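To start, the structure itself, in structure tokens.
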């Protein structure tokens with residue numbers, strides 16, 4: 006099993022450009038999460054999904070959109086990137102009942 | 034005040050020392066997790082606790098639900114234990130997690 010994978014690993018964008026980050030998991034997990042990690046701050050929840058076709062806002066959802074068309078994939082979109090979105094983005098998944106979170110390796114995004 | 038507070042923020046220890054990292058939280062929880070993040074970024078789950086104590090190798094995690102406090106202990110610390118240790122709680126009745134800002138541990142040989 007690959008676990009949780011994220012693509013791309015690194016990306017540099019110019020202000021105003023758009024991009025999509027892909028998270029994929031092969032553990033048949035129901036719940037998936039997108040977080041951002043910034044220096045001096047804990048991981049903050051952007052959006053999450055409790056099952057295929059569902060999404061919900063987390064703590065810092067502004068400027069991001071998500072989709073979960075297939076159970077194994079959770080996409081995070083930036084429609085018009087801003088320098089404030091420079092961060093490391095982590096995806097995670099877990100089983101529906103209890104269960105620990107499994108994290109992807111992260112995507113380092115820089116917006117110039 | 035953050036809902037999840039960790040202490041200390043930074044810790045330097047000599048190889049072999051016994052290490053304790055603390056986590057206090059202010060919300061009702063269904064579970065508490067301890068995570069490890071090595072330089073270069075990957076995050077690994079060490080423990081998930083809802084009560085009592087768990088042990089894995091040289092790592093021990095305890096939780097006191099009444100006092101809303103958890104500790105992570107590392108016995109006979111080693112330089113490879115150098116990492117950031119993160120406490121996270123899953124709020125009672127929610128799907129969401131709240132994370133502490135982490136404790137940066139450096140173990141010197």
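Chains as they are written, first to last, in my numbering: chain W, 6 to 117; chain C, 34 to 142.
Ideal Cβ positions, reconstructed from N, Cα and C, are used throughout, including at glycine.
Since this is a predicted model, take the numbers as computed values, not measurements.
DSSP three-state assignment for residue i, whether helix, strand or coil
| i | result |
| --- | --- |
| residue 123(C) | strand |
| residue 77(W) | coil |
| residue 91(C) | coil |
| residue 83(C) | coil |
| residue 85(W) | coil |
| residue 90(W) | helix |
Within chain C, partners of residue i - CB distance below 7 Å
| i | result |
| --- | --- |
| residue 69(W) | The contacting residues do not exist; residue 69(W) stays about 16 Å from chain C at best. |
| residue 55(W) | 128 |
Exposure label - residue i; buried when at least 16 CB within 10 Å
| i | result |
| --- | --- |
| residue 114(C) | buried |
| residue 71(C) | exposed |
| residue 136(C) | buried |
| residue 82(C) | buried |
| residue 99(C) | exposed |
| residue 56(W) | exposed |
| residue 112(W) | buried |
| residue 42(C) | exposed |
| residue 15(W) | exposed |
| residue 111(C) | exposed |
Integer-rounded CB distance, given that residue j should sit under 8 Å from residue i
| i | j | result |
| --- | --- | --- |
| residue 87(W) | residue 20(W) | 6 Å |
| residue 25(C) | residue 46(C) | Past the boundaries of the shown model lies residue 25(C); chain C is included only from 34 to 142, so the question cannot be answered. |
| residue 42(W) | residue 108(W) | Actually they do not touch by this definition, with Cβ atoms about 10 Å apart. |
Proximal chain C residues relative to residue i, where beta-carbon distance stays under 9 Å
| i | result |
| --- | --- |
| residue 93(W) | 74 |
| residue 9(W) | In chain order: nothing, as chain C lies at least about 10 Å away. |
| residue 50(W) | 129, 130, 131 and 132 |
| residue 17(W) | The premise fails here: residue 17(W) is roughly 17 Å from chain C at the closest Cβ pair, so nothing lies under 9 Å. |
Contacts of residue i in chain W (Cβ-Cβ under 8 Å)
| i | result |
| --- | --- |
| residue 78(C) | 105, 106, 107 and 108 |
| residue 101(C) | Correct list: empty, because the minimum Cβ distance to chain W is about 17 Å. |
Residue i: contacting residues in chain C (beta-carbon distance under 8 Å)
| i | result |
| --- | --- |
| residue 58(W) | Per Cβ cutoff of 8 Å: no residues; residue 58(W) is ~15 Å from chain C at best. |
| residue 45(W) | 134 |
| residue 21(W) | None at all; the shortest Cβ gap to chain C is about 27 Å. |
Partners in chain W for residue i, counting only beta-carbon separations shorter than 9 Å
| i | result |
| --- | --- |
| residue 66(C) | 105 and 106 |
Report task. Could you tell me which uninterrupted alpha helix (DSSP H) segments, each at least 4 residues in length, are contained entirely in the segment 45-71 of chain W, listed from first to last along the chain? Result -> none
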